[in-house]
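Chains as they are written, first to last, in my numbering: chain A, 1 to 351; chain B, 1 to 257. Below you'll find the structure, written out as structure tokens, and then a few comments.
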Amino acid sequence: MKQKKTLLTVISIVVLFLGVYLADQNLDSYKMRILNLCAIYVVLGLSMNLINGFTGLFSLGHAGFMAVGAYTTAILTMPDVVKGQNFFMVPMMKPLDTMHVPFFLALLIGGIFAGIVGYLIGAPALRLRGDYLAIATLGFAEIIRVVFTNIQSVTNGALGLKGIPESSNIWWTVGVATVTVLFIGSLINSSYGRAFKAIREDEIAAESMGISLFKHKVLAFTIGAFFAGVGGGLLGSLMGTIDPLMFRFFLTFNILLIIILGGMGSITGTIISAFIITIGGEALRFLDESMTIGNLVIPGISGLRMVVFSALLMIVVLFFNRGIMGTNEFTWDRLFAKFGKKPLAKGGSKQ
Amino acid sequence: MNLLKVENVSMIFGGLTAVKEFNLDLNQGEIVALIGPNGAGKTTAFNMITGVYRPTIGRISYKGNDITGQRPDQITKQGIARTFQNIRLFKDLTVLDNVLIANHLHLKSNFLEATFKLPRYRREEKRILEKSLSLLEKVGLVDAQNEKSSSLPYGKQRRLEIARALATNPEILLLDEPAAGMNPKETDDLTEFIRQIRDEFHLSIFMIEHHMQVVMGISDRICVFDHGVTIAEGNPYEIQNNQKVIEAYLGVAEDYA
């Protein structure tokens, strides 16, 4: 039975990549870009869900960790010439201007740097709880952004970085998303995952059961920051250009929207809602443009589509206050139970 | 053999002395009860031993080591486990998960070994699962292992909390009002159960309890608190006949001239 399930998982991953191949062949670049964004938001959503959903730490520092990852990856992959063109105001700091590593390594280093920053922020901030932690992490994320705006010889300040090699493609993004799903899924189902959930449920009881609150909170926070950094690196290389203004609170809010809609503490929910929010965000773009209904001409109001999301969020909070999935997960057992004895009939559906 | 030694411990919150000069010696295999009227400082004494509060004055030692002011998780790791007056289970998790979590403190594998399911972690996980199931078997909850812990009836929740505490491999078990809210039948079962786990797991038990039938039935010694002060200590017979204890519970007879 266990082997059968592993086999099913492997098959569905193969089917997933087959689907990616077909999409890559048939869809235009605009649609591919949206798919890429979906996959990146899966990574970002999961990393935030690990901190906020599974461990129950209300953290709003995600944009900061993403900035660290995005800048690190960008700086490590940009060719010398492009760096020269970018840094025309203040020359780039010495060893950095000729430094580059392969894309994969750059992503990994970006993630590790974000993890280190996460650790340094987490160590003092995680002594706070609830709203106070949210305020502190939000503040730290802003500090990172302001620092990046001001260390011009490293980040090119407010001018941002342009011409980042667009190394990431659908294979990278879906690949990283798959690895993230498997990694965080496996972590959550281990003894450490249970300890995280125990902290979410009841800190006092968890501590009395011998779980060191500080160690486990910092661990969840650091792993979350690592994946946020990797997601940021992917995003930067997909966009081809980054600047500090990209990493404002709005970005954190977007990810928060994904995990609240999908369900705090559900990997499946995060995946589903990452797709809903990202595709929805593009599909609703017409709301921002000027519209003609009969004789009435409505001038374009930029940001109108966010109203839809705000309304959606309110509906979710009011009526489905645990999100689409709550803390439930997709498992093969659940699927078997639903479809009786024909497991292979639906074997390929990952969501 | 002396396991736990509490010496002249006081807890002062601002102007209020919640516990004053509390002394306790807990020996191997003993069951000691702490009784007293509401607000006497019993739970505060518990919280000091388990590290929730740091005593204002005094020293607490376990097997000769000073544990005063250590964190609750450090104290649990050394072998002092507890339950709570108002049950604190992990409500949204299953019965089995509740017990599995209590094994986490002895896990040697790091998070990467756990995530990638490396051999050492697999071995540990297997052992943890077996141990947890046998614990659930002993407390009679093995059939409910996949149920949400909050869906259990009250008496079973109490038992689960004790099973969870036992999973941390304690030598001393602190029970905070284990019989609270139980009917007479459940109370009798509990008394028997406490004695049984004491023998099976070689425990020393220190408990707070209001239910006199339980207290008098199983305690080797009893400690009586009133307004944070220890007013009496002794075996059940001595306590039952102690004038101060009777006064604390029933009030003082005043002479009207």
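Just so it is clear, CB atoms sit at the ideal spot from N, CA and C, and this is done for glycine as well. As the structure is a computational prediction, the values presented were derived from the model and not from experiment.
Mind checking whether residue i and residue j have CB atoms under 8 Å apart?
i, j, result
"I232(A)", "A67(A)", "In the sequence as presented, Ile is not what sits at residue 232(A); that position holds Gly. Yes, these two residues count as a Cβ contact at 8 Å."
"A40(B)", "F22(B)", "no"
"E93(B)", "I128(B)", "Residue identity check: residue 93(B) is Leu in the sequence provided, not Glu. It is not a contact, given that the beta carbons lie outside the stated cut-off."
"T252(A)", "A63(A)", "yes"
"K91(B)", "S132(B)", "no"
"T191(B)", "V224(B)", "no"
"I259(A)", "M48(A)", "yes"
"L96(B)", "F206(B)", "no"
"E203(A)", "L213(A)", "yes"
"L261(A)", "I324(A)", "yes"
"T68(B)", "I80(B)", "no"
"M314(A)", "I170(A)", "no"
"L3(B)", "Y62(B)", "yes"
"E124(B)", "L107(B)", "yes"
"S278(A)", "L37(A)", "The residue asked about is misnamed: residue 278(A) is Thr in this sequence, not Ser. Yes."
"S153(A)", "P91(A)", "yes"
"A337(A)", "F84(B)", "no"
"R196(A)", "G111(A)", "For clarity, residue 196(A) is Phe in the given sequence; the question names Arg instead. Not a contact, by the Cβ cut-off of 8 Å."
"T137(A)", "S59(A)", "yes"
"L89(B)", "E161(B)", "yes"
"V264(B)", "G58(B)", "Because residue 264(B) is not part of the residues shown, which for chain B are 1 to 257, the question remains open."
"K162(A)", "N254(A)", "no"
With a threshold of 16 other CB atoms inside 10 Å of the CB of residue i, please say whether the residue is buried or exposed.
i, result
"G45(A)", "buried"
"Y154(B)", "exposed"
"V176(A)", "buried"
"L107(A)", "buried"
"H104(B)", "buried"
"G36(B)", "buried"
"K156(B)", "buried"
"E247(B)", "exposed"
"L118(B)", "exposed"
"R334(A)", "exposed"
"T331(A)", "exposed"
"M11(B)", "buried"
"A158(A)", "exposed"
"V307(A)", "exposed"
"T230(B)", "buried"
"T292(A)", "exposed"
"N146(B)", "exposed"
"N150(A)", "exposed"
"S191(A)", "buried"
"V174(A)", "buried"
"L120(A)", "exposed"
"G210(A)", "buried"
"N241(B)", "exposed"
"A311(A)", "exposed"
"P79(A)", "exposed"
From the DSSP output, which residues share a beta bridge with residue i?
i, result
"R82(B)", "L174(B)"
"L26(B)", "L4(B)"
"C223(B)", "L34(B) and E233(B)"
"F206(B)", "V32(B) and L174(B)"
"T241(A)", "K162(A)"
"I12(B)", "T17(B)"
"N65(B)", "Y62(B)"
"T292(A)", "V297(A)"
"I57(B)", "S10(B)"
"K148(B)", "T94(B)"
Assuming residue i contacts residue j (C-beta within less than 8 Å), just tell me the rounded distance between them.
i, j, result
"T241(A)", "S167(A)", "Wrong, their Cβ atoms sit about 14 Å apart, outside the cutoff."
"R221(B)", "E30(B)", "7 Å"
"E207(A)", "D73(B)", "5 Å"
"A179(B)", "E209(B)", "6 Å"
"A141(A)", "G61(A)", "4 Å"
"I51(A)", "G224(A)", "4 Å"
"L203(B)", "L175(B)", "No, L203(B) and L175(B) are not in contact; Cβ-Cβ is about 10 Å, not under 8 Å."
"F65(A)", "G236(A)", "Their Cβ separation, rounded to whole angstroms, is 13 Å, which puts F65(A) and G236(A) out of contact at 8 Å."
By the criterion of Cβ-Cβ separation under 7 Å, what are the contact partners of residue i in chain C?
i, result
"E147(B)", "Any reference to chain C falls outside this structure, whose protein chains are A and B."
| field | Given 8 Å, three or more beta-carbon pairs between the stretch 234-250 of chain A and the stretch 182-191 of chain A | value | Under the Cβ criterion (8 Å, minimum of three pairs), the stretch 234-250 of chain A does not count as touching the stretch 182-191 of chain A.
| query | Within the chosen definition, does the stretch 96-114 of chain A reach the stretch 14-32 of chain A through at least 3 CB pairs nearer than 8 Å? | reply | Touching, no.
| said: Closer than 8 Å is the cut-off here; do at least three beta carbon pairs connect the stretch 7-27 of chain B with the stretch 44-63 of chain B? | reply: Enough Cβ pairs lie closer than 8 Å, so yes.
| said: If contact is defined by three or more beta carbon pairs under 8 Å, each pair taking one atom from either stretch, is the stretch 138-150 of chain B in contact with the stretch 75-82 of chain B? | reply: No, because fewer than three Cβ pairs between the stretch 75-82 of chain B and the stretch 138-150 of chain B fall closer than 8 Å, the two stretches do not touch.
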